[in-house]
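Reading through the structure tokens given below for one structure.
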Amino acid sequence: MNKKQKNLLIRIIIAAILWVPLFLISEGIWKVNMPLPALIILFLVPYLLVGFDILRKAGKGILNRQVFDENFLMTIATVGAIVLGEYGEGVAVMLLYQVGELFQSYAVGKSRRNISDLMDIRPDYANIEVDGELEQVDPDEVEAGSIIVVKPGEKVPIDGVIIEGHSALNTSALTGESKPVDVAEGSEVLSGSINMTGVLKVRTTAEFDESTASKILELVENAASRKSKSENFISKFARVYTPIVCYIALALAIVPPLICMLAHIGGYESVGMLWRDWIMRACTFLVISCPCAVVISIPLSFFAGLGGASREGVLVKGSNYLETLSEVRVVAFDKTGTITKGNFEVTAIHHNPVDEKKLLEYAALAECHSSHPISQSLINAYAKDVDRSRVSDVQEISGHGIIAKVDDMEVAIGNEKLMTKIGVEAIPCHHTGTIIHVALDNVYAGHIVISDELKPTSKEAMQELKKAGVEKTVMLTGDARAVAEKVAAEVGLTDFRAELLPADKVDAVEELLKECADKKKLAFVGDGINDAPVLSRADIGIAMGALGSDAAIEAADVVLMDDDPLKIAKAIKISRKCLRIVKQNITFALGIKILCLVLAAFGIANMWIAIIADVGVMILAVLNAIRCLFVKNL
Amino acid sequence: MKKSYKIDVDCAACAEKMEVAAKKTEGVKDAVVSYMTLKMKVEFEDGADVDTVMKNVRDNCKKVEDDCEIYL
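Quick mapping for you: the protein sequence lines, in order, are chains A and B.
Its first residue numbered 1045, the first sequence is counted upward by one per residue in our numbering.
Its first residue numbered 292, the second sequence is counted upward by one per residue in our numbering.
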């Protein structure tokens, strides 16, 4: 509790102690002979003690023409009650209102701290070796390329590469994965992970601002400012709710008693009693006019949801995306790196007039400038150092392959389309896998079969998605039909589109979007390397395994920190839970408020019920909102 | 240009009021207040003088919510 809150708590306690005997006296339960003016003055002591800041704010509000301010309303309601002779009630309403305020500020402060603790990956310092001794410096001051030392138990402050030492790293704050990762010389380390066993010397590869930890923190902090439709609805609602309730209260205080007076109905003892009754009802109305319970619980739910999700390694870039995610009914996948591992291996070489090794050598050389996973696997299979100087005139033909000059020989390497394009007849392969055809100087030289492994959790992930209410799972791939068909059947996808060029993927997504009805949203999941346009075209773009990839973090709306496809279903479930809680809170809080308003208008609910309902609803809504944080076992 | 400021405010409805007040200030293109992170993000009009605009934003916010603070 901070100073302000402690102060308020003390004021509430003292005022409550003073209030109880006065209330007993005024109700005649404790028979003390006290003149009425003395009682009123005594009642004013706890009233002013607990409510002076509200009165002061109300006064300032009027000066600044902020009439529909909850402070002003509470002032009118309580002063009204006191003037009408309900001293005990008037003071109690102010007391309970402050209890509610205190609870709200405490609960929000507490969950704010909880969530920032969850995201506590901000490193406080970096160790730099100066003349053989370690010195702690602000990570902001460390330049890229400096050498830093990370001791066991410390956070890695800045991204870098290990130059000395080996250790196990706990990356759970980044990925949600609790299994430690072994690292040694040459391994990349990301800031925010915790060094567990050995001392590491790290050469930094980025500045602090550009490091993973800073980027994640910035992303999470910005997420709260992208407001969802529900949040915007509530703030608009709050803007009109208070004035409307106030005008109704004003009408309630004037119109019904006038009618009763003129028409002689209602059976009141006197005209005074008639006015008193209706003005009291109007004051009760004002007590219910504060929208705070609803206004606080909605952003709190989203914030807790975002925090809980990031703890699980799911970074959602805004409350609005959390909302869209909950409406996802169709999920489109990229294949490589999403459903499959993306580490290809050469499994066979067929129809080759030249030696297998020679063919691989040409293939590896021609592909040596490409970062595509297939090129990497060819280079790996070649297993020797690639002499780049032997390669010239490299042309990369998107969706087809590569044509390059190797030792004055023209090497064309790619899919069947490339062979057709250069007028070479390719021999089809009966194996499933990615088939890479090679032509040397426009003569067919055989094909290389490369296969990829499924991720171990891909199948389970599809089942989980189905359970989470996803109706359609579609794989979009540039790969051959046979490969796509096999993968789709193995994993249990409902549909697939094969042989797509990168541009076709956007068209395929457009087509799927057209098939989706209004309330059904489409998510696209990719590894973020070359599918940025598709990620941004889909209703919601999910990049996976994107830790450290700037382009993916930029283009995607949801970033999965590790590359486990199970996290997709998890993300959807988290968003559903969060949105369910938001809806519960909206219906519950507004329902109770409207009920109380109706009951108050008919004189059934008095001020006691009104304030208890108001504070109670707020406490329940806030507690309910905090449930969004608990998403581990979804 | 966009800038982010730390703020202090006591209730969610008050944060809404600050947002409205900030948006109305001259030189401010858009403003978002997040009560949960206690941050105000302000997008300025082209050519606006950030320091003066932010002083006005703070004054306007104090007018609608006495108990708030923007750390400039």
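Each residue gets a CB set at the ideal place from its N, CA and C atoms; glycine is no exception.
Anything in chain A within Cβ reach of T328 of chain B, meaning under 7 Å, just list it in chain order.
As a position in the second sequence, residue 328 of chain B is number 37, starting the count at 1. By Cβ distance, chain A contributes E1265 and A1268.
At a Cβ cut of 7 Å, what residues of the segment 1329 to 1355 of chain A count as close to chain B, listed as they run along the chain?
P1335, C1336, V1339, I1340, P1343, L1344 and F1347
Per DSSP, which one or two residues make a beta bridge with T1391 of chain A?
Reading the first sequence from its first residue, position 347 is the one you call residue 1391 of chain A. Answer is none; T1391 of chain A lacks a bridge partner.
Three-state class that DSSP yields for Q1110 of chain A in the structure shown
In the first sequence, counting from the first residue as 1, residue 1110 of chain A sits at position 66. The answer is coil: DSSP assigns Q1110 of chain A none of H, G, I, E or B.
Measure the alpha-carbon distance for L1604 of chain A versus I1126 of chain A and round it to whole angstroms.
For this step, residue 1604 of chain A is matched to residue 560 along the first sequence. For this step, residue 1126 of chain A is matched to residue 82 along the first sequence. For L1604 of chain A and I1126 of chain A, the distance between alpha carbons rounds to 58 Å.
Checking contacts by CB at 9 Å: is K1047 of chain A closer than that to chain B?
Taking the first residue of the first sequence as position 1, residue 1047 of chain A is located at position 3. Not one chain B Cβ lies under 9 Å of K1047 of chain A.
Span of the alpha helix (DSSP H) holding E1440 of chain A?
Working through the first sequence from its first residue, we reach residue 1440 of chain A at position 396. Careful: E1440 of chain A lies outside any alpha helix (DSSP H), inside the beta strand (DSSP E) at V1435 to I1441.
Whose Cβ in chain A lies nearer than 8 Å to the Cβ of E307 of chain B?
As a first step, residue 307 of chain B is located in the second sequence; it is residue number 16 there, counting from the start. Within chain A, the residues near E307 of chain B are S1279, A1282, R1283 and V1339.
When you measure from the CB of H1413 of chain A to every non-hydrogen atom of the ligand SAH, does any distance come out below 8 Å?
By its list of ligands, the structure shown contains no ligand whatsoever, and the ligand SAH lies outside what it can speak to.
Against chain B: residues of the segment 1301 to 1320 of chain A by CB proximity under 9 Å:
none
Delimiting residues of the alpha helix (DSSP H) encompassing D1551 of chain A
As a first step, residue 1551 of chain A is located in the first sequence; it is residue number 507 there, counting from the start. Its alpha helix (DSSP H) spans residues P1546 to E1559.
Spatial neighbours of I1056 of chain A within its chain, please: CB distance less than 7 Å, with the 5 preceding and 5 following residues excluded, ordered by chain position.
By one-based count along the first sequence, residue 1056 of chain A stands at place 12. For I1056 of chain A, where only same-chain residues beyond five positions count, the Cβ hits under 7 Å are V1094, L1139, Q1142, V1143 and L1146.
With the cut-off set at 9 Å, would you say L1498 of chain A and E1534 of chain A are in Cβ contact?
Counting from one through the first sequence, the residue named residue 1498 of chain A turns up at place 454. Counting from one through the first sequence, the residue named residue 1534 of chain A turns up at place 490. Yes, the Cβ-Cβ distance between L1498 of chain A and E1534 of chain A is below 9 Å.
Counting only Cβ pairs nearer than 7 Å, list the residues of chain B close to N1077 of chain A.
Counting from one through the first sequence, the residue named residue 1077 of chain A turns up at place 33. Within chain B, no residue comes near N1077 of chain A; the closest Cβ sits about 43 Å away, beyond 7 Å.
Below 8 Å CB to CB, which residues in the same chain sit around A1526 of chain A once its five sequence neighbours on both sides are set aside?
Mapped onto the first sequence, residue 1526 of chain A falls at position 482. Correct list, in chain order: T1476.
Is M1324 of chain A buried or exposed, if buried means 16 or more other CB atoms sit within 10 Å of its CB?
The count along the first sequence starts at 1 and reaches residue 1324 of chain A at position 280. Per the 10 Å Cβ criterion, buried.
Tell me, which residues are paired with Q1180 of chain A by DSSP?
Looking up residue 1180 of chain A in the first sequence gives position 136. Beta-bridge pairing links Q1180 of chain A to A:N1171.
Does A313 of chain B have its Cβ less than 9 Å from a Cβ in chain A?
The residue labelled residue 313 of chain B in the question sits at position 22 within the second sequence. Cβ-Cβ to chain A under 9 Å: no for A313 of chain B.
Suppose contacts are defined by Cβ-Cβ distances below 9 Å. Is L1350 of chain A in contact with L1369 of chain A by that definition?
Your numbering for residue 1350 of chain A matches position 306 in the first sequence. Your numbering for residue 1369 of chain A matches position 325 in the first sequence. Contact flag unset, no.
Is it buried or exposed for S1354 of chain A, if we count other Cβ within 10 angstroms and need 16 for buried?
Position 310 of the first sequence, counted from the first residue, corresponds to residue 1354 of chain A. S1354 of chain A comes out buried.
Run through the DSSP bridge pairs and tell me what G1204 of chain A is partnered with.
Residue numbering aside, residue 1204 of chain A sits at position 160 when the first sequence is read from its first letter. DSSP, once it has assigned bridges, lists A:V1233 and A:T1248 as partnering G1204 of chain A.
Please list, in chain order, the chain A residues whose beta carbon lies closer than 7 Å to that of K354 of chain B.
Within the second sequence, numbered from 1, the residue matching residue 354 of chain B stands at position 63. Correct list: N1108.
Where does the unbroken alpha helix (DSSP H) through G1635 of chain A begin, and where does it stop?
Residue 1635 of chain A sits at position 591 when you count from the first residue of the first sequence. Counting along the chain, the alpha helix (DSSP H) containing G1635 of chain A begins and ends at L1610 to A1645.
Determine, using beta carbons only, whether K1195 of chain A and V1225 of chain A come nearer to each other than 9 Å.
Against the first sequence, residue 1195 of chain A aligns to sequence position 151. Against the first sequence, residue 1225 of chain A aligns to sequence position 181. Not a contact, by the Cβ cut-off of 9 Å.
Does the Cβ-Cβ distance between E1460 of chain A and H1481 of chain A come in under 9 Å?
Taking the first residue of the first sequence as position 1, residue 1460 of chain A is located at position 416. Taking the first residue of the first sequence as position 1, residue 1481 of chain A is located at position 437. Contact flag set, yes.
Which chain B residues sit within Cβ distance under 7 Å of E1114 of chain A?
Here residue 1114 of chain A is taken as the residue at index 70 of the first sequence, counted from 1. The contacting residues are A304.
Helix, strand or coil for M1588 of chain A per DSSP?
In the first sequence, residue 1588 of chain A corresponds to position 544, counting from 1. Note: M1588 of chain A maps to strand in three-state DSSP.
Whole-angstrom Cβ separation of A1425 of chain A and L1404 of chain A, contact assumed at under 8 Å?
Within the first sequence, numbered from 1, the residue matching residue 1425 of chain A stands at position 381. Within the first sequence, numbered from 1, the residue matching residue 1404 of chain A stands at position 360. Indeed they touch by this definition, with Cβ atoms about 6 Å apart.
Pull up the distance between the alpha-carbon of V324 of chain B and that of G1236 of chain A, whole angstroms please.
In the second sequence, counting from the first residue as 1, residue 324 of chain B sits at position 33. In the first sequence, counting from the first residue as 1, residue 1236 of chain A sits at position 192. Looking at the two C-alpha atoms, the distance is approximately 28 Å.
What does K1558 of chain A touch in chain B if you count any residue whose Cβ is under 7 Å from its own?
Here residue 1558 of chain A refers to the residue found at position 514 of the first sequence. Those within 7 Å of K1558 of chain A in chain B number zero; the least Cβ separation is about 32 Å.
Is the segment 1557 to 1568 of chain A close to the segment 1170 to 1190 of chain A, with three or more CB pairs under 8 Å?
no
Starting from M1240 of chain A, trace the beta strand (DSSP E) both ways and give me its first and last residue.
Here the question's residue 1240 of chain A lines up with position 196 in the first sequence. Run containing M1240 of chain A: none; DSSP gives neither H nor E here.
Report the three-state DSSP secondary structure of R1581 of chain A (helix, strand or coil).
Here residue 1581 of chain A is taken as the residue at index 537 of the first sequence, counted from 1. Three-state result, R1581 of chain A: helix.
Whether T1040 of chain A touches S1222 of chain A by CB criterion (9 Å)
No information on residue 1040 of chain A is available, as it lies outside the stretch 1045 to 1678 that chain A covers here.
Helix, strand or coil at K1461 of chain A [DSSP, three-state]:
Within the first sequence, the letter at position 417 stands for residue 1461 of chain A. Reduced to three states, the DSSP call for K1461 of chain A is helix.
Among residues of its own chain, excluding the 5 on either side of P1343 of chain A, which ones have a beta-carbon nearer than 6 Å to its beta-carbon?
As a first step, residue 1343 of chain A is located in the first sequence; it is residue number 299 there, counting from the start. Taken in chain order, the residues that qualify are E1275.
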